[in-house]
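Here is the structure we will look at, set down as C-alpha coordinates.
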Amino acid sequence: MAKTEELIRMLRDEAKYKPHLASELGVSKSTVYNWATELIEYDIVRRTDEGYELTALGEQLFEFYHCVTRVTTQLYDMQTFLEALPNHHHPPLSTLADADIVDESDHPYAPFERVVDWVKDAEHVVGTPAIMSTEKLEALAPKFRSNEMSADVVLERKDVELMRRHVPDTLDAILGNATVYETEREIPVRLYITESLSPSVGIATLTDNRQISMFVQLRGDEAVEWGFELYEEFRKDATRIETFR
759 MAKTEELIRM LRDEAKYKPH LASELGVSKS TVYNWATELI EYDIVRRTDE
809 GYELTALGEQ LFEFYHCVTR VTTQLYDMQT FLEALPNHHH PPLSTLADAD
859 IVDESDHPYA PFERVVDWVK DAEHVVGTPA IMSTEKLEAL APKFRSNEMS
909 ADVVLERKDV ELMRRHVPDT LDAILGNATV YETEREIPVR LYITESLSPS
959 VGIATLTDNR QISMFVQLRG DEAVEWGFEL YEEFRKDATR IETFR
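First residue of the sequence shown? That's 759 in our numbering, and the numbers climb one at a time after it.
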(Lines of atoms letter the chains of each structure in order from A and count residues from 1; the text may use other names and numbers.)
(Lines give C-alpha, C1' and ligand atoms only; values in the text may rest on other atoms or scores of the structure.)
Protein backbone atom coordinates (compact mmCIF):
# COMPACT_ATOMS: atom_id res chain seq x y z
CA MET A 1 0.00 0.00 0.00
CA ALA A 2 2.81 2.41 0.88
CA LYS A 3 4.72 1.63 -2.33
CA THR A 4 1.70 2.22 -4.54
CA GLU A 5 0.08 5.04 -2.56
CA GLU A 6 0.24 7.63 -5.34
CA LEU A 7 -1.18 5.22 -7.90
CA ILE A 8 -4.10 4.35 -5.63
CA ARG A 9 -4.71 8.02 -4.91
CA MET A 10 -5.02 8.71 -8.66
CA LEU A 11 -7.60 5.94 -9.03
CA ARG A 12 -9.87 7.21 -6.26
CA ASP A 13 -11.74 9.63 -8.54
CA GLU A 14 -12.06 7.51 -11.68
CA ALA A 15 -10.54 4.67 -13.65
CA LYS A 16 -7.38 5.49 -15.63
CA TYR A 17 -5.37 3.82 -18.35
CA LYS A 18 -1.79 2.64 -17.89
CA PRO A 19 -0.15 5.30 -20.16
CA HIS A 20 -1.90 8.13 -18.30
CA LEU A 21 -0.85 6.73 -14.92
CA ALA A 22 2.75 6.28 -16.07
CA SER A 23 2.90 9.85 -17.35
CA GLU A 24 1.38 11.37 -14.21
CA LEU A 25 3.53 9.30 -11.85
CA GLY A 26 6.74 9.79 -13.83
CA VAL A 27 7.43 6.06 -14.09
CA SER A 28 7.48 3.53 -16.92
CA LYS A 29 4.37 1.72 -18.14
CA SER A 30 5.94 -1.57 -17.04
CA THR A 31 6.26 -0.21 -13.49
CA VAL A 32 2.58 0.74 -13.47
CA TYR A 33 1.74 -2.72 -14.83
CA ASN A 34 3.75 -4.44 -12.09
CA TRP A 35 2.19 -2.31 -9.34
CA ALA A 36 -1.32 -2.81 -10.69
CA THR A 37 -0.83 -6.56 -11.08
CA GLU A 38 0.16 -6.85 -7.42
CA LEU A 39 -2.82 -4.75 -6.34
CA ILE A 40 -5.15 -6.87 -8.47
CA GLU A 41 -3.92 -9.99 -6.66
CA TYR A 42 -5.17 -8.46 -3.39
CA ASP A 43 -8.48 -7.26 -4.92
CA ILE A 44 -7.48 -3.63 -4.35
CA VAL A 45 -7.60 -2.76 -8.07
CA ARG A 46 -9.36 -4.34 -11.06
CA ARG A 47 -9.08 -4.00 -14.85
CA THR A 48 -12.04 -2.47 -16.68
CA ASP A 49 -12.73 -1.18 -20.19
CA GLU A 50 -11.93 2.31 -18.85
CA GLY A 51 -8.57 1.22 -17.42
CA TYR A 52 -7.51 0.35 -13.90
CA GLU A 53 -10.16 1.00 -11.25
CA LEU A 54 -10.08 1.01 -7.45
CA THR A 55 -12.36 -1.60 -5.85
CA ALA A 56 -14.62 -0.96 -2.86
CA LEU A 57 -12.21 -3.03 -0.77
CA GLY A 58 -9.31 -0.98 -2.10
CA GLU A 59 -11.05 2.25 -1.12
CA GLN A 60 -11.57 1.04 2.45
CA LEU A 61 -8.06 -0.37 2.75
CA PHE A 62 -6.64 2.95 1.55
CA GLU A 63 -8.65 4.79 4.23
CA PHE A 64 -7.45 2.30 6.84
CA TYR A 65 -3.85 2.70 5.68
CA HIS A 66 -4.06 6.46 6.18
CA CYS A 67 -5.67 6.00 9.59
CA VAL A 68 -2.83 3.70 10.67
CA THR A 69 -0.24 6.12 9.28
CA ARG A 70 -1.81 9.04 11.13
CA VAL A 71 -2.00 7.15 14.44
CA THR A 72 1.57 5.91 14.06
CA THR A 73 2.79 9.47 13.53
CA GLN A 74 0.78 10.61 16.56
CA LEU A 75 2.29 7.87 18.74
CA TYR A 76 5.83 8.84 17.77
CA ASP A 77 5.04 12.51 18.41
CA MET A 78 3.78 11.71 21.92
CA GLN A 79 6.49 9.19 22.84
CA THR A 80 7.68 11.31 25.79
CA PHE A 81 4.14 11.47 27.13
CA LEU A 82 3.56 7.71 26.82
CA GLU A 83 6.84 6.86 28.54
CA ALA A 84 6.01 9.18 31.45
CA LEU A 85 2.71 7.45 32.26
CA PRO A 86 2.56 4.90 35.10
CA ASN A 87 2.63 1.26 34.02
CA HIS A 88 -0.76 -0.13 32.96
CA HIS A 89 -2.26 3.36 32.69
CA HIS A 90 -1.99 4.14 28.99
CA PRO A 91 -5.03 5.76 27.34
CA PRO A 92 -7.16 3.77 24.87
CA LEU A 93 -5.65 3.81 21.40
CA SER A 94 -8.90 5.19 19.99
CA THR A 95 -8.38 8.41 21.97
CA LEU A 96 -4.89 9.02 20.58
CA ALA A 97 -5.71 9.21 16.86
CA ASP A 98 -7.23 12.70 17.10
CA ALA A 99 -5.24 13.98 20.07
CA ASP A 100 -4.04 17.58 20.08
CA ILE A 101 -0.32 17.87 20.85
CA VAL A 102 1.54 21.02 21.83
CA ASP A 103 5.24 20.81 22.63
CA GLU A 104 8.27 23.07 22.96
CA SER A 105 8.96 22.90 19.21
CA ASP A 106 6.10 25.38 18.74
CA HIS A 107 7.45 27.78 21.39
CA PRO A 108 9.22 27.16 24.74
CA TYR A 109 6.12 28.30 26.65
CA ALA A 110 3.48 27.02 24.21
CA PRO A 111 2.50 23.94 26.28
CA PHE A 112 2.15 25.99 29.47
CA GLU A 113 0.11 28.68 27.72
CA ARG A 114 -2.22 26.07 26.22
CA VAL A 115 -2.86 24.60 29.69
CA VAL A 116 -3.66 28.02 31.16
CA ASP A 117 -5.90 29.11 28.27
CA TRP A 118 -7.83 25.85 28.40
CA VAL A 119 -8.27 25.42 32.16
CA LYS A 120 -9.40 28.99 32.82
CA ASP A 121 -12.69 28.29 31.00
CA ALA A 122 -13.52 25.14 32.99
CA GLU A 123 -16.38 24.91 35.47
CA HIS A 124 -14.87 21.98 37.37
CA VAL A 125 -11.35 20.56 37.17
CA VAL A 126 -10.24 17.13 38.36
CA GLY A 127 -6.61 16.13 38.22
CA THR A 128 -3.03 16.33 39.37
CA PRO A 129 -1.91 19.85 38.36
CA ALA A 130 1.56 21.28 38.78
CA ILE A 131 1.94 24.73 40.30
CA MET A 132 3.89 26.46 37.55
CA SER A 133 2.95 30.07 38.27
CA THR A 134 1.52 31.55 41.47
CA GLU A 135 0.50 34.58 39.40
CA LYS A 136 -1.70 32.46 37.12
CA LEU A 137 -3.09 30.68 40.16
CA GLU A 138 -4.02 33.96 41.82
CA ALA A 139 -5.86 34.97 38.65
CA LEU A 140 -8.17 31.96 39.13
CA ALA A 141 -8.96 32.76 42.78
CA PRO A 142 -11.93 35.10 42.01
CA LYS A 143 -13.60 32.31 40.01
CA PHE A 144 -13.36 30.00 43.03
CA ARG A 145 -14.68 32.70 45.38
CA SER A 146 -17.69 33.33 43.12
CA ASN A 147 -18.37 29.59 42.64
CA GLU A 148 -17.69 29.85 38.91
CA MET A 149 -15.02 27.17 39.25
CA SER A 150 -14.47 24.19 41.53
CA ALA A 151 -11.86 21.44 41.67
CA ASP A 152 -10.81 18.04 42.99
CA VAL A 153 -7.02 17.80 42.80
CA VAL A 154 -4.04 15.85 44.08
CA LEU A 155 -0.85 17.88 44.56
CA GLU A 156 2.71 16.86 45.27
CA ARG A 157 3.79 17.86 48.76
CA LYS A 158 6.51 20.14 47.35
CA ASP A 159 3.79 22.12 45.53
CA VAL A 160 1.71 22.39 48.68
CA GLU A 161 4.69 23.75 50.64
CA LEU A 162 5.41 26.23 47.85
CA MET A 163 1.86 27.55 48.04
CA ARG A 164 1.86 27.75 51.81
CA ARG A 165 4.95 29.95 51.66
CA HIS A 166 3.95 32.26 48.82
CA VAL A 167 0.16 32.48 48.37
CA PRO A 168 -1.63 31.19 51.49
CA ASP A 169 -4.50 33.69 51.25
CA THR A 170 -5.22 32.88 47.63
CA LEU A 171 -5.12 29.17 48.28
CA ASP A 172 -7.37 29.38 51.31
CA ALA A 173 -9.89 31.08 49.01
CA ILE A 174 -9.49 28.31 46.43
CA LEU A 175 -9.81 25.65 49.12
CA GLY A 176 -13.25 27.03 49.92
CA ASN A 177 -14.52 25.59 46.64
CA ALA A 178 -12.07 22.75 46.03
CA THR A 179 -11.19 19.37 47.48
CA VAL A 180 -7.41 19.19 47.68
CA TYR A 181 -5.19 16.21 48.50
CA GLU A 182 -1.43 16.04 48.92
CA THR A 183 0.79 13.09 48.20
CA GLU A 184 4.39 12.19 48.93
CA ARG A 185 4.57 10.33 45.62
CA GLU A 186 6.15 11.91 42.59
CA ILE A 187 3.47 12.52 39.99
CA PRO A 188 5.08 11.84 36.58
CA VAL A 189 2.35 13.48 34.46
CA ARG A 190 -0.04 16.31 35.22
CA LEU A 191 -3.65 15.44 34.53
CA TYR A 192 -6.57 17.80 33.94
CA ILE A 193 -10.17 16.64 33.39
CA THR A 194 -12.75 19.28 32.48
CA GLU A 195 -15.97 17.61 31.37
CA SER A 196 -17.59 20.95 30.49
CA LEU A 197 -15.03 21.53 27.73
CA SER A 198 -13.94 19.76 24.57
CA PRO A 199 -11.33 18.33 24.51
CA SER A 200 -12.17 17.08 28.02
CA VAL A 201 -8.82 15.62 29.12
CA GLY A 202 -5.35 17.15 29.14
CA ILE A 203 -2.05 15.60 30.21
CA ALA A 204 1.19 17.52 30.66
CA THR A 205 4.72 16.16 30.94
CA LEU A 206 7.40 18.07 32.83
CA THR A 207 11.10 18.67 32.27
CA ASP A 208 13.67 18.10 35.02
CA ASN A 209 13.31 21.75 36.04
CA ARG A 210 9.52 21.39 36.23
CA GLN A 211 8.58 23.20 33.03
CA ILE A 212 5.78 21.77 30.90
CA SER A 213 7.43 20.16 27.87
CA MET A 214 4.36 18.65 26.20
CA PHE A 215 0.60 18.97 26.56
CA VAL A 216 -1.69 16.34 25.04
CA GLN A 217 -5.47 16.81 24.86
CA LEU A 218 -7.86 13.88 24.39
CA ARG A 219 -11.53 13.74 23.43
CA GLY A 220 -14.47 11.47 24.14
CA ASP A 221 -16.02 9.42 26.92
CA GLU A 222 -13.23 6.82 26.84
CA ALA A 223 -10.67 9.54 27.49
CA VAL A 224 -12.67 10.87 30.45
CA GLU A 225 -13.06 7.38 31.92
CA TRP A 226 -9.33 6.75 31.55
CA GLY A 227 -8.57 10.14 33.10
CA PHE A 228 -10.61 9.39 36.22
CA GLU A 229 -8.88 6.01 36.60
CA LEU A 230 -5.49 7.73 36.45
CA TYR A 231 -6.63 10.40 38.92
CA GLU A 232 -7.78 7.72 41.38
CA GLU A 233 -4.36 6.04 41.12
CA PHE A 234 -2.84 9.10 42.83
CA ARG A 235 -5.78 10.07 45.05
CA LYS A 236 -6.12 6.69 46.80
CA ASP A 237 -2.90 7.15 48.82
CA ALA A 238 -3.14 10.92 49.24
CA THR A 239 -4.17 12.93 52.33
CA ARG A 240 -6.92 15.52 52.20
CA ILE A 241 -5.91 19.07 53.14
CA GLU A 242 -8.39 21.06 55.23
CA THR A 243 -6.45 24.33 55.26
CA PHE A 244 -3.30 25.77 53.73
CA ARG A 245 -2.41 27.65 56.91
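All residues carry an ideal CB built from backbone N, CA and C; glycine is no exception.
Residues that DSSP places opposite residue i in a beta bridge
| i | result |
| --- | --- |
| Gln975 | Asp858 and Gly960 |
| Leu812 | Val803 |
| Gly885 | Val911 and Tyr950 |
| Val938 | Val911 and Ile999 |
Through-space distance from residue j to residue i, alpha-carbon basis
| i | j | result |
| --- | --- | --- |
| Glu906 | Lys761 | 55 Å |
| Gln837 | Ala880 | 28 Å |
| Phe870 | Glu808 | 56 Å |
| Arg828 | Ala855 | 7 Å |
| Tyr989 | Ala909 | 13 Å |
| Glu817 | Ala981 | 30 Å |
| Asp966 | Ala773 | 56 Å |
| Phe902 | Pro849 | 30 Å |
| Gly934 | Val947 | 26 Å |
Residues near residue i in its chain [Cβ-Cβ closer than 7 Å; skip 5 each side]
| i | result |
| --- | --- |
| Glu896 | Val925 and Thr928 |
| Leu819 | Met759 and Ile802 |
| Gln832 | Leu854, Ala855 and Ala857 |
Same chain, Cβ closer than 6 Å to residue i, neighbours up to 5 away in sequence not counted
| i | result |
| --- | --- |
| Phe839 | Thr963, Met972 and Val974 |
| Val938 | Val911 and Ile999 |
| Ala868 | Val860 |
Extent of the continuous beta strand (DSSP E) run through residue i
| i | result |
| --- | --- |
| Glu944 | Where Glu944 is concerned, there is no enclosing beta strand (DSSP E), given that its DSSP letter is neither H nor E. |
| Ile999 | Thr997 to Ile999 |
| Glu906 | Premise fails: Glu906 is in no beta strand (DSSP E) and is neither H nor E. |
Delimiting residues of the alpha helix (DSSP H) encompassing residue i
| i | result |
| --- | --- |
| Glu841 | Gln837 to Ala842 |
Inter-stretch contact at 8 Å, needing at least 3 Cβ pairs: the stretch 877-897 / the stretch 854-865:
Taking 8 Å as the limit for Cβ pairs, the verdict is that the stretch 854-865 does not touch the stretch 877-897.
Using 8 Å as the threshold, is the stretch 881-889 in touch with the stretch 908-921, meaning 3 or more CB pairs across them?
As far as the Cβ criterion goes, the stretch 881-889 touches the stretch 908-921, which means the pair count is three or higher.
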